[in-house]
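In what follows, a single structure is set out as C-alpha coordinates and then discussed.
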Amino acid sequence: MLGLQSVPVAMAAAYGFAFAESGLGLGMVLPGETAVVAIAATVDGPVATLLVFAAVSFGACSGDHVGYWLGRTQGDRIRRSRAVARVGTEHWDRAMDLLRRHGATAVFLTRMLPLVRTLTPAAAGSSGLAYARFLPASLSGSMLWAAVYVGGGNLAVTTARATYDRIGPATWWLVATAAIAATAWAVWRHRPTPIRYPVLLRAGAPRPHHSDLAAAPDLSLTGQLQP
1 MLGLQSVPVA MAAAYGFAFA ESGLGLGMVL PGETAVVAIA ATVDGPVATL LVFAAVSFGA
61 CSGDHVGYWL GRTQGDRIRR SRAVARVGTE HWDRAMDLLR RHGATAVFLT RMLPLVRTLT
121 PAAAGSSGLA YARFLPASLS GSMLWAAVYV GGGNLAVTTA RATYDRIGPA TWWLVATAAI
181 AATAWAVWRH RPTPIRYPVL LRAGAPRPHH SDLAAAPDLS LTGQLQP
(Lines of atoms letter the chains of each structure in order from A and count residues from 1; the text may use other names and numbers.)
(Lines give C-alpha, C1' and ligand atoms only; values in the text may rest on other atoms or scores of the structure.)
Protein backbone atom coordinates (compact mmCIF):
# COMPACT_ATOMS: atom_id res chain seq x y z
CA MET A 1 0.00 0.00 0.00
CA LEU A 2 1.17 3.54 -0.71
CA GLY A 3 2.40 5.71 2.12
CA LEU A 4 0.83 9.09 2.81
CA GLN A 5 3.66 10.83 0.94
CA SER A 6 2.72 8.91 -2.23
CA VAL A 7 -0.96 9.89 -2.15
CA PRO A 8 -0.40 13.01 -4.34
CA VAL A 9 1.12 10.75 -7.01
CA ALA A 10 -1.90 8.45 -6.82
CA MET A 11 -4.21 11.47 -7.05
CA ALA A 12 -2.43 12.83 -10.11
CA ALA A 13 -2.55 9.45 -11.85
CA ALA A 14 -6.20 8.95 -10.93
CA TYR A 15 -7.08 12.41 -12.25
CA GLY A 16 -5.25 11.75 -15.52
CA PHE A 17 -6.90 8.41 -16.22
CA ALA A 18 -10.37 9.71 -15.27
CA PHE A 19 -9.87 12.72 -17.54
CA ALA A 20 -8.77 10.50 -20.41
CA GLU A 21 -11.70 8.12 -19.90
CA SER A 22 -14.22 10.97 -20.13
CA GLY A 23 -12.48 13.14 -22.72
CA LEU A 24 -13.80 12.88 -26.26
CA GLY A 25 -11.61 10.54 -28.30
CA LEU A 26 -9.38 9.54 -25.37
CA GLY A 27 -11.51 6.99 -23.56
CA MET A 28 -11.15 4.54 -26.46
CA VAL A 29 -7.37 4.49 -26.06
CA LEU A 30 -6.68 4.47 -22.33
CA PRO A 31 -8.37 1.95 -20.01
CA GLY A 32 -9.43 4.53 -17.43
CA GLU A 33 -11.80 2.34 -15.42
CA THR A 34 -9.21 -0.41 -14.93
CA ALA A 35 -6.55 2.12 -13.95
CA VAL A 36 -8.81 3.87 -11.42
CA VAL A 37 -9.65 0.55 -9.74
CA ALA A 38 -5.95 -0.36 -9.58
CA ILE A 39 -4.95 3.03 -8.16
CA ALA A 40 -7.73 2.95 -5.56
CA ALA A 41 -6.48 -0.46 -4.44
CA THR A 42 -3.03 0.98 -3.67
CA VAL A 43 -4.13 3.62 -1.15
CA ASP A 44 -4.94 2.88 2.45
CA GLY A 45 -7.13 4.69 4.95
CA PRO A 46 -10.27 6.83 4.63
CA VAL A 47 -8.43 10.13 4.07
CA ALA A 48 -6.33 8.81 1.18
CA THR A 49 -9.38 7.11 -0.32
CA LEU A 50 -11.42 10.32 -0.17
CA LEU A 51 -8.60 12.27 -1.80
CA VAL A 52 -8.40 9.77 -4.67
CA PHE A 53 -12.20 9.87 -4.95
CA ALA A 54 -12.06 13.67 -5.27
CA ALA A 55 -9.31 13.46 -7.90
CA VAL A 56 -11.28 10.93 -9.97
CA SER A 57 -14.48 12.98 -9.70
CA PHE A 58 -12.72 16.17 -10.78
CA GLY A 59 -10.86 14.39 -13.57
CA ALA A 60 -14.02 12.85 -15.01
CA CYS A 61 -15.87 16.17 -14.83
CA SER A 62 -12.93 17.95 -16.51
CA GLY A 63 -12.98 15.38 -19.31
CA ASP A 64 -16.69 16.04 -19.79
CA HIS A 65 -15.88 19.71 -20.30
CA VAL A 66 -13.60 18.91 -23.22
CA GLY A 67 -16.50 17.30 -25.06
CA TYR A 68 -18.99 19.97 -23.99
CA TRP A 69 -16.94 22.89 -25.27
CA LEU A 70 -16.09 21.07 -28.50
CA GLY A 71 -19.80 20.57 -29.00
CA ARG A 72 -20.51 24.24 -28.28
CA THR A 73 -17.87 25.48 -30.70
CA GLN A 74 -18.37 22.97 -33.54
CA GLY A 75 -22.12 22.40 -33.33
CA ASP A 76 -23.57 19.76 -35.64
CA ARG A 77 -20.24 19.39 -37.47
CA ILE A 78 -18.83 17.34 -34.61
CA ARG A 79 -21.15 14.44 -35.53
CA ARG A 80 -19.15 14.07 -38.75
CA SER A 81 -15.76 14.20 -36.99
CA ARG A 82 -13.42 11.23 -36.88
CA ALA A 83 -13.58 11.09 -33.08
CA VAL A 84 -17.34 10.50 -33.18
CA ALA A 85 -17.03 8.11 -36.12
CA ARG A 86 -14.52 6.02 -34.19
CA VAL A 87 -16.83 5.67 -31.18
CA GLY A 88 -19.88 5.20 -33.44
CA THR A 89 -22.41 7.67 -34.81
CA GLU A 90 -25.17 5.41 -33.52
CA HIS A 91 -23.99 6.18 -29.99
CA TRP A 92 -24.03 9.89 -30.83
CA ASP A 93 -27.62 9.61 -32.07
CA ARG A 94 -28.57 7.73 -28.92
CA ALA A 95 -27.01 10.45 -26.75
CA MET A 96 -28.89 13.16 -28.67
CA ASP A 97 -32.14 11.24 -28.28
CA LEU A 98 -31.62 10.94 -24.52
CA LEU A 99 -30.86 14.65 -24.30
CA ARG A 100 -34.05 15.52 -26.17
CA ARG A 101 -36.10 13.34 -23.83
CA HIS A 102 -34.39 14.00 -20.51
CA GLY A 103 -32.40 17.20 -20.89
CA ALA A 104 -29.47 17.65 -18.50
CA THR A 105 -30.51 14.51 -16.61
CA ALA A 106 -29.19 12.49 -19.57
CA VAL A 107 -25.65 13.66 -18.75
CA PHE A 108 -26.03 12.03 -15.33
CA LEU A 109 -27.91 8.95 -16.53
CA THR A 110 -25.40 8.01 -19.24
CA ARG A 111 -22.36 8.22 -16.97
CA MET A 112 -22.35 4.46 -16.40
CA LEU A 113 -23.03 3.58 -20.07
CA PRO A 114 -19.87 2.75 -22.05
CA LEU A 115 -19.30 4.70 -25.29
CA VAL A 116 -22.49 6.77 -24.91
CA ARG A 117 -21.06 8.56 -21.87
CA THR A 118 -18.03 9.64 -23.92
CA LEU A 119 -20.25 11.39 -26.48
CA THR A 120 -23.03 12.77 -24.27
CA PRO A 121 -21.11 15.88 -23.09
CA ALA A 122 -20.25 16.81 -26.69
CA ALA A 123 -23.85 16.15 -27.72
CA ALA A 124 -25.01 18.35 -24.83
CA GLY A 125 -22.84 21.20 -26.05
CA SER A 126 -23.92 20.69 -29.65
CA SER A 127 -27.60 20.68 -28.66
CA GLY A 128 -27.24 24.02 -26.89
CA LEU A 129 -27.75 22.74 -23.33
CA ALA A 130 -27.03 25.61 -20.95
CA TYR A 131 -23.78 25.33 -19.01
CA ALA A 132 -25.61 26.08 -15.75
CA ARG A 133 -27.58 22.87 -16.29
CA PHE A 134 -24.69 20.84 -17.67
CA LEU A 135 -22.26 21.46 -14.79
CA PRO A 136 -24.29 19.96 -11.90
CA ALA A 137 -25.30 16.97 -14.02
CA SER A 138 -21.70 16.33 -15.04
CA LEU A 139 -20.34 16.76 -11.52
CA SER A 140 -22.93 14.49 -9.89
CA GLY A 141 -22.46 11.85 -12.59
CA SER A 142 -18.69 12.04 -12.19
CA MET A 143 -19.01 11.55 -8.43
CA LEU A 144 -21.21 8.50 -9.00
CA TRP A 145 -18.68 7.04 -11.45
CA ALA A 146 -15.82 7.74 -9.03
CA ALA A 147 -17.69 6.16 -6.12
CA VAL A 148 -18.28 2.95 -8.09
CA TYR A 149 -14.70 2.46 -9.29
CA VAL A 150 -12.80 3.86 -6.31
CA GLY A 151 -15.10 1.88 -4.04
CA GLY A 152 -14.52 -1.16 -6.23
CA GLY A 153 -10.77 -0.85 -5.85
CA ASN A 154 -11.02 -0.56 -2.08
CA LEU A 155 -13.43 -3.47 -1.89
CA ALA A 156 -11.06 -5.59 -3.98
CA VAL A 157 -8.08 -4.98 -1.71
CA THR A 158 -10.16 -5.52 1.44
CA THR A 159 -11.43 -8.82 0.06
CA ALA A 160 -7.90 -9.80 -0.95
CA ARG A 161 -6.63 -9.21 2.55
CA ALA A 162 -9.40 -11.29 4.07
CA THR A 163 -8.76 -14.03 1.51
CA TYR A 164 -5.04 -14.01 2.28
CA ASP A 165 -5.72 -14.43 5.99
CA ARG A 166 -7.99 -17.41 5.29
CA ILE A 167 -6.25 -19.35 2.53
CA GLY A 168 -2.58 -18.62 3.17
CA PRO A 169 0.23 -17.43 0.87
CA ALA A 170 0.35 -20.40 -1.54
CA THR A 171 -3.23 -20.09 -2.75
CA TRP A 172 -2.94 -16.31 -2.58
CA TRP A 173 -0.34 -16.35 -5.34
CA LEU A 174 -2.78 -18.23 -7.56
CA VAL A 175 -5.46 -15.62 -6.89
CA ALA A 176 -2.99 -12.79 -7.55
CA THR A 177 -1.89 -14.38 -10.83
CA ALA A 178 -5.51 -14.65 -11.95
CA ALA A 179 -6.09 -10.99 -11.06
CA ILE A 180 -3.03 -9.89 -13.05
CA ALA A 181 -4.19 -11.96 -16.03
CA ALA A 182 -7.65 -10.36 -15.84
CA THR A 183 -6.11 -6.87 -15.75
CA ALA A 184 -3.85 -7.66 -18.71
CA TRP A 185 -6.87 -8.90 -20.67
CA ALA A 186 -8.76 -5.68 -19.89
CA VAL A 187 -5.83 -3.55 -21.10
CA TRP A 188 -5.53 -5.67 -24.27
CA ARG A 189 -9.26 -5.29 -24.90
CA HIS A 190 -8.91 -1.49 -24.83
CA ARG A 191 -5.98 -1.47 -27.26
CA PRO A 192 -6.28 0.85 -30.29
CA THR A 193 -7.73 -0.82 -33.38
CA PRO A 194 -5.03 -1.23 -36.05
CA ILE A 195 -5.54 0.08 -39.57
CA ARG A 196 -6.85 -2.67 -41.82
CA TYR A 197 -6.73 -2.56 -45.59
CA PRO A 198 -9.35 -4.21 -47.80
CA VAL A 199 -6.71 -6.15 -49.74
CA LEU A 200 -4.93 -8.94 -47.87
CA LEU A 201 -1.16 -8.88 -48.21
CA ARG A 202 -0.77 -12.50 -49.18
CA ALA A 203 1.68 -14.05 -51.62
CA GLY A 204 1.09 -12.71 -55.12
CA ALA A 205 -1.33 -9.98 -54.02
CA PRO A 206 -0.44 -6.37 -54.98
CA ARG A 207 0.84 -4.26 -52.11
CA PRO A 208 -0.68 -0.84 -51.42
CA HIS A 209 1.00 2.10 -53.18
CA HIS A 210 2.61 4.80 -51.04
CA SER A 211 -0.19 7.16 -52.08
CA ASP A 212 -2.72 4.74 -50.57
CA LEU A 213 -0.77 4.74 -47.32
CA ALA A 214 -0.73 8.53 -47.30
CA ALA A 215 -4.52 8.49 -47.61
CA ALA A 216 -4.91 6.17 -44.61
CA PRO A 217 -7.09 7.60 -41.83
CA ASP A 218 -5.35 9.77 -39.22
CA LEU A 219 -6.01 8.06 -35.88
CA SER A 220 -4.24 10.68 -33.77
CA LEU A 221 -6.38 12.75 -31.39
CA THR A 222 -5.83 15.88 -33.50
CA GLY A 223 -6.84 14.07 -36.65
CA GLN A 224 -9.91 12.57 -34.99
CA LEU A 225 -11.34 15.97 -34.09
CA GLN A 226 -11.22 17.23 -37.69
CA PRO A 227 -14.44 16.78 -39.67
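Numbering (the UniProt record's numbering) for the sequence shown: 1 to 227.
Glycine residues also receive a C-beta, built at the ideal position from the N, C-alpha and C atoms.
Bear in mind the structure is a predicted one, so any value in this text is a computation, not a measurement.
Taking only three categories from DSSP, how would you classify ALA104? In the sequence shown, the residue the question calls residue 104 occupies position 104. Three-state DSSP puts ALA104 in coil, outside helix and strand.
Using a Cβ-Cβ cut-off of 8 Å, state whether GLU90 counts as contacting chain D. You won't find chain D in this structure, because it holds only one protein chain.
Taking buried to mean at least 16 other C-beta atoms within 10 Å of its own C-beta, is MET11 buried or exposed? Within the sequence shown, numbered from 1, the residue matching residue 11 stands at position 11. Label assigned to MET11: buried.
Endpoints, alpha helix (DSSP H) assigned at ASP64: Here residue 64 refers to the residue found at position 64 when the sequence shown is read from its first residue. Where ASP64 is concerned, the enclosing alpha helix (DSSP H) stretches over 46-74.
Three or more beta-carbon pairs under 8 Å between the segment 81-98 and the segment 53-63, yes or no? At 8 Å Cβ cutoff, the stretches do not touch.
For a quick check, are the C-beta atoms of VAL150 and THR118 less than 8 Å apart? As a position in the sequence shown, residue 150 is number 150, starting the count at 1. As a position in the sequence shown, residue 118 is number 118, starting the count at 1. Their beta carbons are not under 8 Å apart, which means VAL150 does not touch THR118 by this criterion.
How far does the alpha helix (DSSP H) with SER22 in it extend, from its first residue to its last? By one-based count along the sequence shown, residue 22 stands at place 22. Taken as a continuous stretch (DSSP letters only), the alpha helix (DSSP H) holding SER22 covers 7-22.
Counting along the chain, where does the alpha helix (DSSP H) carrying VAL43 start and finish? The residue given as residue 43 occupies position 43 in the sequence shown. Counting along the chain, VAL43 sits inside no alpha helix (DSSP H), nor does DSSP assign it H or E at all.
Where THR120 and LEU139 are concerned, what is the direct C-alpha to C-alpha distance, given to the nearest angstrom? As a first step, residue 120 is located in the sequence shown; it is residue number 120 there, counting from the start. As a first step, residue 139 is located in the sequence shown; it is residue number 139 there, counting from the start. Spanning the two alpha carbons is a distance of roughly 14 Å.
Measure the alpha-carbon distance for ILE180 versus VAL43 and round it to whole angstroms. Locating residue 180 in the sequence shown gives position 180, counting from the first residue. Locating residue 43 in the sequence shown gives position 43, counting from the first residue. Spanning the two alpha carbons is a distance of roughly 18 Å.
For the segment 123-132 and the segment 75-89, state whether three or more C-beta atom pairs, one from each stretch, are separated by less than 8 Å. Yes, since at least three Cβ pairs between the segment 123-132 and the segment 75-89 fall closer than 8 Å, the two stretches touch.
Which same chain residues end up closer than 7 Å to LEU51 when comparing Cβ atoms and leaving out the 5 residues on each side of it in sequence? Position 51 of the sequence shown holds residue 51. Apart from sequence neighbours up to five positions away, the residues of its chain that approach LEU51 with a beta-carbon distance below 7 Å are VAL7 and MET11, ordered along the chain.
Report the rounded CA-to-CA distance for ALA156 versus MET112, giving the unit in angstroms. One-based indexing of the sequence shown puts residue 156 at position 156. One-based indexing of the sequence shown puts residue 112 at position 112. Rounded to the nearest angstrom, the two C-alpha atoms are 20 Å apart.
Is ALA104 closer than 8 Å to ALA137 when the C-beta atoms are compared? Indexing the sequence shown from 1 puts residue 137 at position 137. Indexing the sequence shown from 1 puts residue 104 at position 104. Result yes, Cβ atoms of ALA137 and ALA104 sit closer than 8 Å.
Just to confirm, is the Cβ distance from residue 229 to PHE17 under 8 Å? Outside the shown range of the chain, which is 1 to 227, sits residue 229, and nothing can be said about it.
Go ahead and label GLY141 buried or exposed: buried means 16 or more other beta carbons lie within 10 angstroms of its beta carbon, across all protein chains shown. Working through the sequence shown from its first residue, we reach residue 141 at position 141. It counts as buried.
Suppose the cutoff is 6 Å on Cβ atoms and the five residues either side in sequence are ignored; what does the same chain contact list for TYR15 look like? Here residue 15 refers to the residue found at position 15 of the sequence shown. Answer for TYR15: ALA55 and GLY59, listed in chain order.
Would you mind sorting ALA48 into buried or exposed? The rule is 16 or more other CB atoms within 10 Å of its CB. Here residue 48 refers to the residue found at position 48 of the sequence shown. Buried.
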